[in-house]
Amino acid sequence: MSFTISFLLLMFSPFQIMLAYSSGHPACHSEERSALLQFKESFVISRSASKFPFAYPKVQSWKLDGNGSDCCLWDGVECDEDSGHVIELDLNASCLYGSIDSNISLFLLVQLRKLNLANNDFGSSQIPSALDISFPVPDTFANLSSLRAITLINCGLQGKFPEAVLQLPNLQYLDMRHNPGLTGPLPASIGRIHSLESLMICSCNFSGVIPFSVGNLSKLSKLVLGNYSFYGQIPFSIGNLTELFYIRFALNKFQGFIPDSIFALKNLEYLNFQPNNLSGMIEIEKFLTLRSLKILYLSRNNFVLLNKSCTNGTDLPKLTRLGLAACSLSVFPNFLYMQNRLTFLDLSLNYLYGRIPSWIWKVSTEKLEFLDLSYNLLTGLDQPPAFLPWSCMSILKLNSNMLQGSLPIPPISTKYYLISNNSLAGEIPPSICNNSSFIVLDLSKNNLTGLIPQCLGNFSSTLSLLSLEGNNLYGTIPQTWVQGSRLRMISLGQNKLQGQIPTSIIGCKMLEILDPNNNQLIDTFPSWMGTLPELRIVILRHNGFHGKIGNPESSFSFQMLQILDLSLNNFTGKLPVEYFHCWFAMQVDREDRLSYMNAETSVRIQGRWIHVHYSYSMTMTNKGVEMEYKKILEILTVIELSCNKFEGEIPEYIGNLKGLRLLILSNNIFSVLSHHPCWVSMLGLSGEPFSNKCGSLKELPALAPAPATGDELL
């Protein structure tokens, strides 16, 4: 197979290429016009080939007749003003559908300097395994000796990348991100490209160690190797790359020590080693010798970060983002006191203990947008201000500590406030109502008392998740829930709430979870909630709900319901078979959906939209054992009706709920079955009168509680 075929299969996928040539020939050359028209005819114009909203078919303006025959005037084409040669072709998002073959006519555009074919649909171009990359660069490759930049982002490439491409003498820019079909090691020949200035390889399937020859790339300024591709030790030779300003080794399996040679790279502005398996003991002051450093991520490794006193603030780098999660820190690094430009600070999953020092309130008060102190051993706030001071705060995580005292009030700009799993006491102050920006408000598992502020039902434009469970709140559930609310989860369980579920919740059309379990509510079954189109989980366990469950209000009542827990109440009468007909989500087996239920929201940090995932959780009682599930599998469907006064026969229609994983009907007064229908065994019921007579039980998927790595907000 010729190299021309293999190289073109590599080159012309949805990516951007820049070619630099210098030549001089006179106006729109007929052979180049013909090459462009031939290229146009080799594709189908399809709107579905480009997903971007700004996409349109640029090549439709390419014609031979009339004034339109001048290819230099065609959409997406730019010619040299002196020579008339095509030097730039921008077909980004041009609705092109088809494949690129070895006869691609664009190869005839010998003066082309920049080519953009991104965001079209050229299928998966496979780099042929037949190419012998041990051969010298073929003669046909000499025509491309001026190639300066190759960008192969997200273009579906497969197979091994031909080493010959790494021998281009003038290559400066190589970007191969997001091609999971690319495999094999990073070849040692990468060190021969002495002109290389930027190398980015992540979200591919490369593997192996970083070759020592990388240290020969003396002009390299940006190095990105990431996303589970590489392992072994970081080579000491990386210290030779004195032009480096950007290193990203995130999401790999690197082991051993961070080489001291790294600290000779005085131009470094960005350094990211999180997470890896790096080990040893290292002083944080070493990183502070990198005076140009702006962004430092060291989180989630196996090393111990030693913290010594830093007194000379004038020589410290001015950091904007700092990630030191799971670095075995026991005290707050005091160099933070001198930082006034931080926008992101993550100190979670450490051993920070005692009170949060008062000087922390002065750190980057006008810049800080993200602060994570979760999963530490903090017990309180030293000299806490009435309102936490950061005027730009968006995400504040203080959860899973041992904080005592009253509830700290976050800045009014805060969108995500997580302070669950602490020992806070007192009432939720009315001043929390001053913040109408909340998207997630999680105050669960504390010792808070008093009434729930009525305003929490009025945050209709932003609030998505409200969790107040596991406190000592009393009174009634707020009566006003505004129409058009964006709430997806209301978790009020394990408090001392009384009264009824307010019918104004019917305005929360996006609601997926309602959980007021283990309170003192007295009400009948809230059949009116059946009209909520997204409702998936209803947990009314251990309250004073009573009476018969009547007929559904429509044939679509609770159509999305997957988990219903009515246990430990006083419901009576027969099981409502009419509802079983409405529960369409339970009638579908979801065995192929092994993801977890979560809410996806977005927040703007440093001018960029960040997608935030918040995992849904719940508490269930199975065989008398109460278990908390910090994550809920999408496939899980449960009907829990135990410890009520239901009577009569168990409807045969339950057998049509094919997705049902768990059915608990114990401690009711059902009629004894005279026979054993197969659906009883299929749904996993056991014990008299539900002994297994029909073969294998349908297994409930393992749902071990999530480890203490948190709610995975980010």
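Letter by letter, the sequence shown follows residues -20 to -1, 1 to 694 in mature numbering (1 follows the signal peptide of the UniProt record, and there is no 0). Cβ coordinates follow ideal geometry from the N, Cα and C atoms, glycine included.
Can you tell which of the options has the C-alpha that lies nearest to the C-alpha of residue i?
i, options, result
"Pro433", "Ser441, Cys413 and Asn426", "Cys413"
"Ser380", "Thr345, Lys425 and Pro313", "Lys425"
"Ala168", "Leu446, Phe536 and Leu197", "Leu197"
"Pro631", "Leu205, His561, Ala35 and Ser622", "His561"
"Lys43", "Phe19, Leu329 and Leu151", "Phe19"
"Asn232", "Thr323, Ser26, Trp339 and Ser279", "Ser279"
"Val583", "Tyr594, Trp508, Arg573 and Arg228", "Tyr594"
"Leu224", "Tyr211, Leu251 and Gln213", "Leu251"
"Pro37", "Asp101, Ile619, Cys52 and Leu285", "Asp101"
"Ile408", "Asn220, Lys94 and Leu448", "Leu448"
"Leu574", "Thr617, Asn287, Ser30 and Arg271", "Thr617"
"Asn523", "Ile517, Lys476 and Ser183", "Lys476"
"Lys638", "Val568, Asn578 and Leu16", "Val568"
"Asn99", "Arg93, Phe34 and Ser49", "Phe34"
"Leu472", "Leu332, Asn96, Cys488 and Leu520", "Leu520"
"Lys347", "Ile481, Leu327 and Ser374", "Ser374"
"Gln91", "Phe418, Asn72, Val462 and Asp62", "Asp62"
"Asp155", "Gly164, Ile173, Ile130 and Leu248", "Ile130"
"Gln474", "Asn452, Tyr317 and Ser187", "Asn452"
"Lys94", "Asn72, Asn578 and Ile67", "Ile67"
Since residue i is in the beta strand (DSSP E), which residue starts that stretch and which ends it?
i, result
"Cys184", "Cys184 to Phe186"
"Lys554", "Asn550 to Lys554"
"Cys59", "Val57 to Cys59"
"His526", "His526 to Lys528"
"Phe324", "Phe324 to Asp326"
"Phe229", "Segment: none, Phe229 is in no beta strand (DSSP E) and carries neither H nor E."
"Gln18", "Per DSSP, Gln18 belongs to no beta strand (DSSP E); it is in the alpha helix (DSSP H), Ser10 to Glu21."
"Phe626", "Lys625 to Gly628"
"Phe350", "Phe350 to Asp352"
"Tyr454", "Asn452 to Thr456"
"Tyr633", "No beta strand (DSSP E) holds Tyr633; DSSP gives it neither H nor E."
"Val583", "Asn578 to Ile585"
"Tyr208", "It is not in any beta strand (DSSP E) - Tyr208 carries neither H nor E in the DSSP assignment."
Contact check, residue i vs residue j under 8 Å by CB: the rounded distance?
i, j, result
"His9", "Gly56", "Actually they are not in contact, since the Cβ atoms of His9 and Gly56 sit about 17 Å apart, beyond 8 Å."
"Met509", "Leu515", "6 Å"
"Trp341", "Pro369", "5 Å"
"Arg466", "Ser484", "Wrong, their Cβ atoms sit about 15 Å apart, outside the cutoff."
"Phe229", "Leu200", "Not quite, the Cβ-Cβ distance comes to about 14 Å (not below 8 Å), so this is no contact."
"residue 715", "Ser310", "Past the edges of the chain, shown from -20 to 694, lies residue 715, and the structure says nothing about it."
Kindly indicate which three-state DSSP category residue i falls into: helix, strand or coil?
i, result
"Cys593", "Reading off the sequence shown, one finds His at residue 593, where the question assumed Cys. Correct three-state label for His593: strand."
"Tyr317", "helix"
"Ala405", "strand"
"Thr163", "strand"
"Ile(-16)", "Only weak support is given to the placement of Ile(-16): the predicted model assigns it a pLDDT of 29, under 50, and the question is left unresolved by the model."
"residue 699", "The structure shown does not extend to residue 699, since the chain is modelled only from -20 to 694, so the question has no answer here."
"Val90", "coil"
"Phe216", "helix"
"Thr511", "helix"
"Gln478", "strand"
"Thr599", "strand"
"Arg27", "helix"
"Thr442", "coil"
"Phe237", "coil"
"Lys347", "coil"
"Arg172", "helix"
"Asn648", "coil"
"Thr359", "strand"
"Val66", "strand"
Let me check you understand the geometry: is the CB of residue i closer than 7 Å to at least one non-hydrogen atom of the ligand ZN?
i, result
"Ser30", "The ligand ZN is not part of this structure, which contains no ligands at all."
Hey, quick one: how far does the alpha helix (DSSP H) through residue i stretch, first residue to last?
i, result
"Lys266", "Ile264 to Phe267"
"Val568", "Where Val568 is concerned, there is no enclosing alpha helix (DSSP H), given that its DSSP letter is neither H nor E."
"Val518", "Not the alpha helix (DSSP H): Val518 falls in the beta strand (DSSP E), residues Ile517 to Ile519."
"Val557", "Val557 to Cys562"
Looking only at its own chain, which residues have a Cβ that is under 7 Å from the Cβ of residue i, when we skip the five neighbours before and after it?
i, result
"Phe23", "Leu76, Tyr77 and Gly78"
"Ser26", "Cys75 and Tyr77"
"Phe115", "Summary for Phe115: the model assigns pLDDT 30, below 50, so the residue's position carries little reliability, and this model does not support an answer."
What residues in its chain sit with their C-beta under 6 Å from that of residue i, if we drop five residues either side in the sequence?
i, result
"Leu621", "Leu546 and Leu645"
"Asn256", "Asn232, Phe234 and Asn281"
"Met490", "Arg466, Arg468 and Glu514"
"Lys202", "Ser178 and Tyr226"
"Lys246", "none"
Leaving aside the five residues before and after residue i along the sequence, list all residues of the same chain whose C-beta is less than 8 Å from its C-beta, in chain order.
i, result
"Phe650", "Phe626, Glu627, Gly628, Glu629 and Ile630"
"Val557", "Pro631 and Tyr633"
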